[in-house]
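Going by the numbering used here, 483 is the number at position 121 of the sequence shown; the sequence numbering is gapless.
From the three backbone atoms N, C-alpha and C, an ideal C-beta is built for every residue, glycine too.
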Amino acid sequence: MHMKASDHDHGPKTVPVTFILEDPESLTGDASKGTVECLGAVGENILEIALENGINIEHACGGVCACSTCHVYLEVGEDACNEPEDDELDRVEEAPGIQINSRLSCQTVIEDESPITIKVPAWNRNAVKEVPH
Ligand code: FES
363 MHMKASDHDH GPKTVPVTFI LEDPESLTGD ASKGTVECLG AVGENILEIA
413 LENGINIEHA CGGVCACSTC HVYLEVGEDA CNEPEDDELD RVEEAPGIQI
463 NSRLSCQTVI EDESPITIKV PAWNRNAVKE VPH
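Written out as structure tokens, the structure is:
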């Protein structure tokens, strides 16, 4: 049996996760996928769950909290996820369109089996190309 690396050390996938995609065509290649319902596991982060389910959230640094391209809005389930660390808060401030519920998807880890809803902003896909170096 083959397992993806991201399946290691995670429990069974029992946490309902809903992704609301403002620009489904660029994130999934399918304009009709405005909402994607899937399951995640306690211990997984939101970026992992998105990628496993065909949602190509930008992740320029590979998920190590060194960019802000994986920025999303945690619409429902704040209490079911970890608190953001200072590093994440510093990074997320660099993202365009920051809101009170802004998170970096690679740093947002499920800690509890409550439903979670994530909104992926439309500009996510191209954000990396707009950040000057
Ligand atoms: S992928 Fe770079 S901070 Fe999340």
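Within the same chain, T479 and K481 come within 6 angstroms of E437 by CB-CB distance, once the 5 residues on both sides are set aside. Remark: fewer than three beta-carbon pairs, one from each stretch, lie closer than 8 angstroms, so the region 387-403 and the region 448-466 are not flagged as touching.
Sequence-distant Cβ neighbours of A457 in its own chain, meaning closer than 6 angstroms and more than five residues away, are S430 and H433. Here P386 really is in contact with G396; their C-beta atoms are around 5 angstroms apart, less than 8 angstroms. Nearest neighbour of T380 by Cα position, chosen from G459, W485, N415 and D371, turns out to be N415. When only Cα atoms are considered, T376 and E455 end up about 31 angstroms apart. Relative to the non-hydrogen atoms of ligand 1, the Cβ of S394 never comes closer than 7 angstroms to any of them.
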